[in-house]
Structure formats: structure tokens, C-alpha cells
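Numbering (our numbering), first residue to last: 579 to 1023.
Just so you know, even glycine gets a beta-carbon here, dropped at the ideal spot from N, CA and C.
What follows is one structure encoded as C-alpha cells, with my remarks underneath.
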């Protein structure tokens, strides 16, 4: 690794203009996010073969989708964010890319639930470096009136990655299933689902190489004499406005839980209920995620930014709340429609609306946090959102099919139950947090 590639702070424009290099940096961060989501989400297309080979149930699958990944992802988010706030953020990301790529490779070598669980935990360790560091870097490359849009673009890249995971993953699975199990030197016979993990681990190396060209930016608004923020200072900052941060953190978390549940189990829904193959699901659902979900994130950021320029101080909170309210009836209807076509017609706008909060909602955090604690604030939010949302969302569907509806074939009823409830409570909490957010933003104007 060439130290000079990341050690010298990059100059940042203070005006409303954005340099081409800033767009390059954003592009590399987005590519890293896409690859991370491919490695994270590919398991959602592999539910049935993993269940068959490892002899596990839907609840255990839910744990592999959510809890195993998010356990260390959440636990390490704060210390890694602390590292990003006090050291070279680019290097932190680079080491994380290597970690999650090798961990994804080892998912392909797993022959038991326990081994796959551990490998998924290590994927979470690596990916925990990316989002807090990126959320801290992006505002240092973009002026304040463009930061929400830039962060929304980065947030939207996660949905592109999720969609690409389904599209490419479905094709890879289809091809590997036609080939059958393959014996590799030193590791032995591997099933198609194991080989899929190995294939999708490779692009992480490209991201690592591109990160060599990314320079650590100068920190904007760090303040002369301002020390690196300690955890105690971050907690103190939260205490200055408990209603805002409680409503924001837990409101966005529950919206995320509903979306995680749908994204994790919708492919299996179409496989079980309508008999689709992984390749068919990957092509159709992946395209929906790329177009509808990514479109929702970008549209949410654009609408919120436009409203803020027109003086609507609470736009970053109002837009997610309205979108979540509109998503509730659609989330109930899509898994109960009489055909696959009608289900997809309802699912598409639901995915669009449910993705809106991931951009403009998340953009609130850097706007209400001092520079030296931005990454830690984002990490604290991710700790709550992922530990609760990523565990509660996917696992709730498995628990409902195993213990409430007592049939894997009733997955549609499970999908019509928990996501709408998450959205309803989440939008209520965000609405509760809007008044203090508006007051804070207006006081800084």
C-alpha cells in the first residue's frame, strides 16, 4: 500500500461548487457500498439450499440474515467510528474492505450453521468500517447545501448493491446449479450456494485498489483547538436534545426493520408461493430494488434538499414520515395479492416509498453533530438501527412462519404482519422528533 495515496489531506472547496475529484471519491465510496451489500444480501437468494444442506429452519435463517451479521457490525461500530473520527478514515475503510471480502469467501467454505454464523459475523466486522467513515468523509468534500444529496446518493448505492446482488447472484446460482457441486483443491466438494459466496467475494479486491487513489480530506468545521470527541462527549451531545435523538434513532430504526424484513424474505416469498427459481427472482426482484428502492433514496434526498432550499427546515424528517405512511397499506397488500404480477405491481411503489428514509432521514445526523463526532453519531445510530432493525426485521418473519402461522408456506401472511407495524410505530416516533429538530435547525440559521 502506498501511504502517500491516503496520507495528505485533500483540499476542499468552501463554495457551492463541487470538484470532479469529490465526485470520484463519492463514486468509489458508492462502489464499496454496492460490493458490501452484495456480500451482505446474497444469502437472501440462498435460503432454500442452505436450509436443505444445513438442516435448519426459518428462524435460524433469519438469524443468519440479520443477527449474525449485525452482532459485531453493531458492537464494533462505535470503536471503529471513534477510530475514524481521530485518524485516517480512508485507511479504516481499506482494512474493512479486506476483512469483509475474506469473510465472505469463508462463508463459501461453511458446512454447518455455526461456521456460517461465525463467517457472517466477520463480514459484519469488516462492513462496520464503511458507513460511519463515509458519512464523515462526504460532508468534508461537499458544501452544506449539497451534503444531503451526496449522502442520499451514497445511501442509494446500498440499494443498488442489494439489487445487483439479486440480479448477479441469481445468474450465478442458476449457472452453478446447472453445473452442480464442484471439487476445489484443498477445500473439497462445494455446493452451488457455497461457490456463490466465493464468487461474490472477489470484487472487494477491486474496491481496495480504487481506495488507494482516495485522499483523506481536510476536516471542515473541526474548530481550532477542538479535541477529538470522546464517547462521553457524544453521550453528552445526545443528552442536549433527548426527544430529537430518541425519536430520530428509534423511528428510523423501526422503518429500517420493516424494509429489512421485506428485502430479506421477498425473494423466498416468490420462490415458495409462486414457484420461481432463484434466477427468476434475482432478475425481477433485483431490478425492482435497483430501480424502485434506489430511486426512492435519491428522490427523497432531492425532495428534502429542494424543500430545505425553500426554507422548510424539517424537510429531512417530514419526507421520511410521509413516505412511511404511504408505504403501510402497500406493505400489507403486496404479499396477499392473487398473482405474482399483481404482487409485483404493489411491491414496486412500496419499495420506492420504504427506501426514502434511508437517504434524507440519515442525512439529519451529520447536520446536528459537531464534525469531530459525526462518525461516532452515525455509528451510534447504526448500532441501534442494525442491532434492533436488522435483527428484529428478518427474524420476525422466521418466528412468525415457524411459531405463529406454523407453516413456511404462509410466509405471505408473515410479510403482511410485521413490516406494516414497524412502519406505523416508526413514523410516529419521527413525527414526535420533528419539533425539536425544527427548533435546532432554525436556531443555527
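- Across the structure, residue 833 and residue 761 are spaced so that their CA atoms are roughly 43 angstroms apart.
- Cα atoms of residue 950 and residue 660: separation of roughly 9 angstroms, rounded to the nearest angstrom.
- Collapsing the DSSP output to three states places residue 721 in coil.
- Residue environment analysis places residue 852 among the exposed positions, since fewer than 16 neighbouring C-beta atoms fall within 10 angstroms of its C-beta.
- Taken through DSSP and simplified to helix, strand or coil, residue 940 comes out as coil.
- Within 10 angstroms of the beta-carbon of residue 921 lie 16 or more other beta-carbons, which makes it buried.
- Unbroken alpha helix (DSSP H) stretches of 4 residues or longer found wholly inside the segment 656 to 741: 667 to 685, 691 to 705, 708 to 719, given in chain order.
- Each of 626, 655, 773 was checked against the Cα of residue 642, and the nearest Cα belongs to 626.
- In this structure, residue 877 lies away from residue 1001, with their beta-carbon atoms at least 7 angstroms apart.
- When DSSP states are grouped into helix, strand and coil, residue 768 belongs to the strand group.
- Residue 762 is bridged by DSSP to 766.
- Note that the segment 781 to 797 does not touch the segment 924 to 944; fewer than 3 beta-carbon pairs, one per stretch, sit closer than 8 angstroms.
- Taking 7 angstroms as the cut-off, the Cβ atoms of residue 980 and residue 709 do not count as close.
- For residue 980, no alpha helix (DSSP H) run applies, since DSSP gives it neither H nor E.
- Under the criterion of beta carbons closer than 8 angstroms, residue 915 and residue 1011 do not qualify as touching, at roughly 34 angstroms.
- Assigned with DSSP and collapsed to three states, residue 948 falls in coil, not helix or strand.
- Between the segment 666 to 679 and the segment 610 to 624 there are three or more C-beta pairs closer than 8 angstroms, enough to call the two in contact.
- In the pairwise beta carbon analysis, the segment 841 to 860 is classified as not touching the segment 688 to 707: fewer than three pairs are separated by under 8 angstroms.
- The beta carbon of residue 991 lies closer than 8 angstroms to those of 913, 914, 978, 983 in the same chain, with the five residues before and after it left out.
- For residue 648, the enclosing alpha helix (DSSP H) has its first and last residue at 646 to 653.
- Contact annotation: residue 828 and residue 965 have beta-carbon atoms that are not nearer than 7 angstroms.
- According to DSSP, residue pairing for residue 935 in a beta bridge does not occur.
- In terms of Cα proximity to residue 730, the closest of 810, 947, 943 is 943.
- Following the DSSP letters along the chain, one finds residue 617 inside the alpha helix (DSSP H) bounded by residues 598 to 619.
- For the pair residue 662 and residue 714, the CB atoms are nearer than the 7 angstroms cut-off.
- Spatial neighbours of residue 781 in its own chain (CB-CB distance under 6 angstroms, excluding positions within 5 residues in sequence) are listed in chain order as 613.
- Rounded to whole angstroms, residue 763 and residue 757 show a C-alpha spacing of 17 angstroms.
- Residue 894: member of the alpha helix (DSSP H) spanning 893 to 911, first to last residue.
- The C-beta distance from residue 909 to residue 840 rounds to 7 angstroms, short enough to fall under 8 angstroms.
- With respect to the 7 angstroms criterion, residue 1019 and residue 893 are not classified as neighbours on the basis of their beta carbons.
- From the listed residues 900, 602, 688, 945, the smallest Cα separation to residue 771 is found for 688.
- In this structure residue 969 is buried. Its beta-carbon is surrounded by 16 or more other beta-carbon atoms within 10 angstroms.
- Distance from the CA atom of residue 658 to the CA atom of residue 844, rounded to whole angstroms, is 32 angstroms.
- Secondary structure at residue 781: coil, using DSSP grouped into helix, strand and coil.
- Beyond the five residues adjoining it in sequence on each side, residue 976 comes within less than 7 angstroms, by CB distance, of 636, 637, 639, 640 in the same chain, given in chain order.
- For residue 883, the enclosing alpha helix (DSSP H) starts and ends at 872 to 887.
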